[in-house]
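Novice:
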Amino acid sequence: MGAKKKSQEVEACTEEHGMLTLEKFEEASERVKDVTQPTDLVYSEYLSIQTGNKVYLKPENMQFTGAYKVRGAYYKMSTLSEEERSKGVITASAGNHAQGVAYAAKKYGVKATIVMPTTTPLIKVNRTKSFGAEVVLFGNVYDEACAKAYELADEYGYTFVHPFDDPAVATGQGSIAMEIVKELPLVDYILVPIGGGGLATGVSTLAKLLNPKIKVIGVEPAGANCLQESIKQGKVITLPKVSTIADGTAVKTPGTKIFPYLQKNLDDIITVPDEELVVAFLDMVENHKMVVENSGLLTVAALKHLDVKNKKIVSILSGGNMDVITMSSVVQQGLIFRDRIFTVSVLLPDKPGELCRVADVIAKKNGNVIKLEHNQFVSTNRNAAVELRITLEAFGTEHKEEIIESLNQNGYLPKVVRTNI
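Numbering (the working numbering), first residue to last: 166 to 586.
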């Protein structure tokens, strides 16, 4: 699609909805102050050194609802008529938009019904209920929950508050860009997570209105890159399936109403595999003492894919709603990916003292044994070979290799195997 045609479509869409104009963005930026907490930019010395840029974090995970979504939900609620509010609102969400709508509805005294996928983390379900909303669990992914929400909207006359494919919602989300540019006027790049595209629409559109030189890069999970594929084909497409630990961005189809804005204003899209999100989680916890959910980590993981130097870059951390069980799993996997936990298999004779000798070799290299599995039945000749699987803590890859080399030098011929904690 040519630039002129895309621009015409954007103008037509703007005129139709009366949103995504500088005037509306300014209005939204003032209104959302009623429900948002200041999320001033945090300079990351660690990420700056890693990338050769000046990296700043926009910590939307610190919002009262744990995510940026309250911005769009509250602004959308402010645009509804009294009749619409009296009938109530409904939405579908994997969690963060749910909490945003529930909180905004509570502020306006409006009944809210939220349809959430059955896979939604428990912390998001409970927090949504805590704001007074009725929660309906349905479907395995957002798209199935969304279809159910539309059914209920038709049945009961609720106003559907779309999590991303709504220009008013996108306008509210764009208030993030207003804050970024006010605090860092010379920002070069803004990295924004993408699920359905509402946040990216608001941020990219306003950023370009304020300064066309700002580069806005969208970031999607590699297993849910619906917008990247849609832009490649020049039209909105639906992925056959999505598979990602970034549940908040596990969307099959990007928004159709906002698609022209994304085509025009996004400079590029980066995709990130799940394993990089796991490592990014550890980076944020260890270096910034912040808990950021997997979708919010997309922009952190994407930094190393951005081939630029000496630029001012803002990574938007979209949310921090992660349940403890998921957090524990991510930490464990992150330690494994970084070679700070690993497992080796060694064969040794089944006789007294062998286990002590292996432990002594490891101890001399400052390895910390956290689990042992002793299999006497790996061979029919127990005197010749008994398998010992040792799970250890190390300081990193170099330390791991030192331990393995020491085991080799002592005749144990270790093999690295899959670690199951």
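Glycine is no exception: its CB is placed at the ideal position from the N, C-alpha and C atoms.
Keep in mind that this is a model prediction, so the values were computed, not measured.
(1) Starting from tyrosine 239, follow its DSSP beta bridges and name the residues at the other end.
(2) Could you give the DSSP three-state label for glutamate 458: helix, strand or coil?
(3) How long is the line joining the alpha carbons of methionine 184 and tyrosine 426, rounded to whole angstroms?
(4) With DSSP run on the structure shown, which of helix, strand or coil describes aspartate 488?
(5) Along the chain, which unbroken stretches of the alpha helix (DSSP H) at least 4 residues long are found entirely within the region 422 to 475?
(6) With H, G and I counted as helix, E and B as strand and the rest as coil, what does DSSP make of phenylalanine 325?
(7) Near isoleucine 382, what residues of its chain come up, given a Cβ to Cβ distance below 8 Å and the 5 sequence neighbours on each side ignored?
(8) Suppose the cutoff is 6 Å on Cβ atoms and the five residues either side in sequence are ignored; what does the same chain contact list for tyrosine 208 look like?
(9) Would you identify the three-state DSSP class for leucine 513, choosing helix, strand or coil?
(10) Determine the extent of the alpha helix (DSSP H) in which glutamate 348 is found, giving its start and end residues.
(11) Answer yes if the region 287 to 296 comes into contact with the region 305 to 317, meaning at least three C-beta pairs across the two stretches below 8 Å, and no otherwise.
(12) Is phenylalanine 190 helix, strand or coil by DSSP?
(13) Tell me threonine 556's beta-bridge partners as DSSP assigns them.
(14) According to DSSP, is isoleucine 589 part of a helix, a strand, or is it coil?
(15) Check whether the Cβ atoms of glycine 322 and lysine 252 sit closer than 8 Å, and answer yes or no.
(16) Have a look at leucine 482 and histidine 564 and give me their C-alpha separation to the nearest angstrom.
(17) Could I get the ranges of all uninterrupted alpha helix (DSSP H) runs contained in the region 252 to 303, with 4 residues as the minimum, in chain order?
(18) Among the candidates Tyr268, Ser246, Ser340, whose CA atom is the shortest distance from the CA of threonine 324?
(19) Compute the Euclidean distance between the alpha carbons of alanine 550 and glutamate 570, then round it to the nearest angstrom.
(20) Taking the alpha-carbon positions, what's the glycine 361 to glutamate 558 distance?
(21) Between the alpha carbons of glutamate 180 and proline 332, how many angstroms are there, rounded?
(22) Would you kindly work out how many angstroms separate the C-alpha atoms of alanine 335 and glycine 237, rounded to a whole number?
(23) With DSSP as the reference, please indicate the residues paired to tyrosine 233 in a beta bridge.
(24) How big is the Cα-Cα spacing for alanine 168 and lysine 400?
(25) Is valine 661 helix, strand or coil by DSSP?
(26) Does the separation of the CB atoms of serine 194 and serine 408 fall below 8 Å?
(27) What are the start and end residues of the beta strand (DSSP E) that includes isoleucine 481?
Specialist: By the coordinates alone:
(1) Looking at the DSSP assignment, tyrosine 239 forms no beta bridge with any residue, so it has no partner.
(2) Residue state, collapsed to three classes: coil.
(3) Between the alpha carbons of methionine 184 and tyrosine 426 lies a gap of roughly 12 Å.
(4) Under the three-state reduction of DSSP, aspartate 488 is assigned to coil, being neither helix nor strand.
(5) You should have 424 to 430, 439 to 453, 463 to 466.
(6) Here phenylalanine 325 sits in strand by DSSP.
(7) Hits under 8 Å: Tyr354, Ile355, Leu356, Val357, Leu431, Asp432, Asp433, Ile434, Ile435, Ala467, Leu471.
(8) Short of 6 Å from the beta carbon of tyrosine 208, and not among the five residues preceding or following it, lie these beta carbons of its own chain, in chain order: Tyr221.
(9) Of the three classes helix, strand and coil, the one that applies to leucine 513 here is strand, per DSSP.
(10) Counting along the chain, glutamate 348 sits inside the alpha helix (DSSP H) bounded by residues 340 to 348.
(11) With the cut-off at 8 Å, the region 305 to 317 and the region 287 to 296 do not touch.
(12) If DSSP states are grouped into helix, strand and coil, phenylalanine 190 belongs with the helices.
(13) Answer by DSSP bridge pairing, in chain order: Thr508, Lys536.
(14) The requested residue 589 does not occur in the structure, where the chain is confined to residues 166 to 586.
(15) Yes. Within cutoff.
(16) Computed Cα separation, rounded: 32 Å.
(17) Runs found: 261 to 273, 287 to 295.
(18) That would be Ser246, whose Cα lies nearest to the Cα of threonine 324.
(19) Their backbone Cα atoms lie some 20 Å apart in a straight line.
(20) Computed Cα separation, rounded: 40 Å.
(21) Bear in mind that the predicted position of glutamate 180 carries a pLDDT of just 49, short of 50, making it too unreliable to give a figure here.
(22) Straight across, the Cα-Cα distance linking alanine 335 with glycine 237 is about 6 Å.
(23) Its beta-bridge partners do not exist; DSSP assigns none.
(24) Low local confidence applies: a pLDDT of 49 at alanine 168 is under 50, so the model's placement there is unreliable, and no value is given.
(25) Nothing in the structure corresponds to residue 661, since the chain is present only between 166 and 586.
(26) No; because the gap between Cβ atoms is not below 8 Å, this pair is not in contact.
(27) That run of the beta strand (DSSP E) goes 477 to 482.
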